[in-house]
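Structure first, commentary second.
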Amino acid sequence: MIESFDGKTAFVTGAASGIGLALARALASKGAKVMLADIDENALDAALRDLRDSGANARAVACDVSAPISVMSAADEAFAAFGNVHVVCNNAGAGIGGPIEAIAETDWNWLTAVNLMGSVHGIQAFLPHIKAHGEGGHIVNTASLAGLIAQPGTGPHNATKAGVISVTETLAAELAGTKIGVSVLCTAFVRTRIATSVRNRPLRFGGPSDEPANPQMAILVAAGIDPAFVAERVLVGIADNDLYILTHPELRDVIAGRFDRILAAFDKAALLETAPPEAIAARA
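Mapped onto the numbering used here, the consecutive letters of the sequence shown carry residue numbers 45 to 328.
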């Protein structure tokens with residue numbers, strides 16, 4: 045658990061812009077040392093200069109979260125630069141649009157590798173270290189409210205973010221009773237560069253593109269909330285050891301509706317279990 049960020053070290057992926065950069069700024073403002081990690085080296089250099097100009101004790105490392113060896117190497121650089129790492133924000137993400145049947149398998153693989161496995165790679169790179177130093181810590185995995193409410197046209201994003209929620213819930217159960225907290229961040233639209241994340245798509249997944257992967261998403265993202273607000277919400281969530289860190293409370297009823305439908309399905313299952321076989325056969 046983290047009672048104070050002062051003097052702690054944080055590692056943040058996707059830190060060159062958007063929520064990641066906002067997290068790095070917020071953590072640094074609370075006295076944390078910050079290692080910024082991102083696949084976009086030019087943007088990463090600019091972000092590092094920005095943080096250092098504000099007086100932050102920060103460093104940066106190029107990192108492709110879809111590749112476990114890259115995450116392990118970035119973790120080693122963080123350990124060498126700052127010693128013990130306490131807060132890990134597995135925040136890097138990607139998006140792609142289109143109907144499920146039309147999205148290329150390479151793009152499904154890309155989003156799975158970044159959104160889902162990126163969090164897994166971060167956990168595997170840092171959790172043994174946090175356990176070993178014994179000073180406590182916190183892992184934040186960035187998912188999305190899309191992992192709870194599936195919208196049409198963003199199937200890979202929805203599926204991978206649902207996976208991040210499940211991984212985080214599992215990790216929280218595995219770490220219950222320890223000094224290591226776990227949170228999953230779920231937002232709706234935030235002003236980030238996720239709609240143009242194909243600019244950083246590795247060659248093995250089809251290579252980069254300058255076109256927005258989902259033009260409609262680009263419009264919605266541009267009208268989203270400020271990443272700085274999200275970052276402050278995350279710091280409160282870490283301090284309070286919240287498993288779920290949410291924004292956009294206006295979507296509460298939409299989420300509740302999903303779970304109401306699930307509970308109704310359980311109620312139906314209970315009725316069918318007690319119904320005579322001939323009644324069930326008549327319904328089939």
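Built from N, CA and C at the ideal position, the CB exists for glycine as well.
So what does DSSP say about residue i, is it helix, strand or coil?
i      : result
Ala81  : strand
Leu290 : strand
Arg103 : strand
Thr55  : Here residue 55 is Phe; the residue named in the question, Thr, does not match the sequence. The answer is strand: DSSP assigns Phe55 an E or B state.
Thr318 : helix
Leu88  : helix
Ile224 : strand
Val234 : strand
Leu229 : strand
Gly199 : helix
Gly250 : coil
Gly191 : helix
Gly142 : strand
Asn128 : coil
Leu299 : Leu is not the amino acid found at residue 299; the sequence shown has Ile there. Ile299 falls in the helix class under three-state DSSP.
Arg245 : coil
Where does residue i land, buried or exposed, given buried means 16+ other C-beta within 10 angstroms?
i      : result
Asn244 : buried
Met161 : buried
Ala104 : buried
Met261 : buried
Asn134 : buried
Pro172 : exposed
Met79  : buried
Ser253 : exposed
Asn86  : exposed
Pro259 : exposed
Does residue i get closer than 8 Å to chain C when you measure Cβ to Cβ?
i     : result
Ala76 : Absent from the structure: chain C. Only one protein chain is present.
In whole angstroms, what separates the C-alpha of residue i from that of residue j?
i      : j      : result
Ile238 : Ser48  : 30 Å
Glu294 : Ala326 : 42 Å
Glu149 : Gly139 : 14 Å
Gly64  : Lys312 : 43 Å
Val158 : Asp108 : 8 Å
Leu264 : His292 : 14 Å
Lys52  : Val131 : 8 Å
Ala220 : Gly268 : 34 Å
Val242 : Ser117 : 24 Å
Leu315 : Val184 : 40 Å
Leu92  : Leu67  : 13 Å
Gly180 : Ser227 : 14 Å
Val280 : Ser73  : 14 Å
Arg248 : Pro321 : 54 Å
Lys223 : His177 : 11 Å
Ala60  : Glu276 : 17 Å
Ser210 : Gln168 : 16 Å
Ala111 : Trp154 : 11 Å
For residue i, tell me which candidate among the options has the shortest Cα-Cα distance.
i      : options                           : result
Asp84  : Thr57, Ala194 and Ala146          : Thr57
Gly301 : Ala111, Ala194 and Val109         : Ala194
Pro196 : Ala266, Ile144, Val208 and Ser227 : Ile144
Leu287 : Gly251, Glu213 and Leu316         : Glu213
Ile147 : Glu322, Pro200 and Ile263         : Pro200
Ala393 : Asn86, Gly166 and Lys77           : No information on residue 393 is available, as it lies outside the stretch 45 to 328 that the chain covers here.
Asn285 : Gly225, Ala266 and Pro321         : Gly225
Thr231 : Val274, Pro259 and Ala100         : Val274
Gly75  : Gly62, Ser98 and Asp82            : Ser98
Val164 : Leu189, Ala203, Gly207 and Ala122 : Gly207
List the endpoints of the continuous beta strand (DSSP E) containing residue i.
i      : result
Gly181 : Gly181 to Thr186
Leu155 : That residue, Leu155, is in no beta strand (DSSP E); its alpha helix (DSSP H) goes Glu149 to Leu155.
Asn134 : Val131 to Asn134
Terminal residues of the continuous alpha helix (DSSP H) containing residue i?
i      : result
Val280 : Pro271 to Ala283
Val164 : Met161 to His177
Gly64  : Gly62 to Ser73
Ser98  : Segment: none, Ser98 is in no alpha helix (DSSP H) and carries neither H nor E.
Ala262 : Pro259 to Ala266
Cβ-heavy atom distance between residue i and the ligand PLP below 7 Å?
i     : result
Ala91 : Of ligands this structure carries none, so the ligand PLP is not represented either.
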